[in-house]
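Worksheet for the structure shown next.
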Amino acid sequence: MNKSEKKIAILSGAGISAESGLSTFRDNDGLWEKYDLNDVATIDAWHKNPELVLSFYDARRAQVLKANPNKAHYALAELENHFNVEIITQNIDDLHERSGSSNVLHLHGEILKGRSILNDIHLYPVSGDIKLGDLTPDGHQMRPHVVWFGEAVPRMTDAEVLVRECDILIVVGTSLNVYPAAGLRYACSDQCEKFLVDPSDFQLSGQQFEHFQGSATEKIPELVNKLIQDYKSP
Ligand code: APR
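Here my numbering is used: the first residue of the sequence shown is 70, the next is one more, and so on.
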């Protein structure tokens, strides 16, 4: 099967993993309805109560390990057989990778990796809990490899290049509340074909997005089939 030369960039958020059983953040039952993000997801929270922060991410890691990719993840992996696909995710789970996607850029880190509190030069696989006293080889406390609010987003420039170069942009399962990730959509060209997959009816001002309104497991396979049909070579 010959592959289209078209480049597809996908910006995904917590909504694509919702049907795998992982909570989103800002829906009614979202994580930020249960926790104050200032207690668990900022560098100040870490200095104030590192054990609370570690236990918050230990719980999320355990949930990710129990979760499985869903039809939306697998449909995006299938897309790679037809197009050049780059996934830019705000999610810290590994469901895109486990469903077979090859090019996954994690803007906000990865829950199954740990790093020194000093820097993110070295990453270490983590499948259990991280406790106070767990040290990285450099002798410093290990922390989850997750970008906290107020911290830099190291992969942002790489992500902007991928969106700038894409012919098709798919935004799926994100409320686009958190910058700089939410600003990525503006990096795409005017000619770029843009799609939004989300059950809510929020509008993306200033740009023409075709809205596949519904859940990711319902609408991503539909959109993938459409793109394959639209661009299949005669
Ligand atoms: N299918 C598709 N989209 C869904 C589904 C579903 N089944 N269920 C919910 N959604 C949509 C919601 O309508 C909402 O637009 O997913 C989006 C979830 O938004 P948020 O909870 O804000 O998640 P996200 O946009 O990924 O948050 C961004 O905020 O707290 C930080 O670092 C965290 O990466 C996260 C960032």
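Just so it is clear, CB atoms sit at the ideal spot from N, CA and C, and this is done for glycine as well.
Going by DSSP, name the residue or residues bridged to residue i.
| i | result |
| --- | --- |
| TYR304 | Residue 304 falls outside the range modelled here, since the chain spans only 70 to 303, and no answer is possible. |
| ALA78 | GLU155 and LEU238 |
| PHE94 | According to DSSP, PHE94 bridges with nothing at all. |
| GLY178 | VAL215 |
For residue i, I'd like the list of residues in its chain whose CB is within less than 7 Å of its CB, leaving aside the five on either flank, ordered along the chain.
| i | result |
| --- | --- |
| GLN276 | ARG254 and LYS263 |
| ASP207 | SER185 and LEU187 |
| SER171 | GLU149 |
| LEU106 | PHE218 |
Under the rule that 16 or more other beta-carbon atoms within 10 Å means buried, what is residue i, buried or exposed?
| i | result |
| --- | --- |
| PRO194 | exposed |
| LYS301 | exposed |
| LYS182 | buried |
| SER81 | buried |
| GLY197 | exposed |
| ASP267 | buried |
| PHE218 | exposed |
| THR226 | exposed |
| ILE156 | buried |
| ASN139 | buried |
How would you write the range of the alpha helix (DSSP H) that residue i sits in, first residue to last?
| i | result |
| --- | --- |
| THR243 | From DSSP, THR243 is part of no alpha helix (DSSP H); its letter is neither H nor E. |
| LEU106 | 106 to 109 |
| LEU164 | 164 to 167 |
| PRO206 | Taken as a continuous stretch (DSSP letters only), PRO206 belongs to no alpha helix (DSSP H), as it is neither H nor E. |
| GLY84 | 84 to 87 |
| GLU120 | 119 to 135 |
| ASN294 | 285 to 300 |
| LYS304 | Outside the shown range of the chain (70 to 303) lies residue 304, about which nothing can therefore be said. |
| TYR255 | Looking at the DSSP string, TYR255 is not in any alpha helix (DSSP H), and its letter there is neither H nor E. |
| GLU11 | Lying outside 70 to 303, the shown extent of the chain, residue 11 is not represented and no answer is given. |
| GLU102 | 100 to 103 |
For the beta strand (DSSP E) containing residue i, list its first residue and its last residue.
| i | result |
| --- | --- |
| GLN282 | 278 to 282 |
| LYS263 | 262 to 267 |
| ARG212 | 211 to 215 |
| HIS175 | 173 to 175 |
Among the residues of its own chain, which have a CB less than 6 Å from the CB of residue i, if the five just before and after it don't count?
| i | result |
| --- | --- |
| ALA141 | ILE85, ALA285, THR286 and ILE289 |
| PHE125 | VAL109 |
| VAL215 | ILE161 and GLY178 |
| VAL154 | ILE77 and LEU148 |
| ALA250 | GLN159 and LEU176 |
| VAL133 | ASP162 and ILE180 |
| ARG224 | LEU174 and LEU176 |
| ILE239 | ILE79 and PHE264 |
| GLU102 | none |
| ARG129 | ILE180 |
| ALA146 | SER168, GLY169 and SER170 |
Which same chain residues end up closer than 8 Å to residue i when comparing Cβ atoms and leaving out the 5 residues on each side of it in sequence?
| i | result |
| --- | --- |
| ASN137 | SER89, LEU164 and ARG167 |
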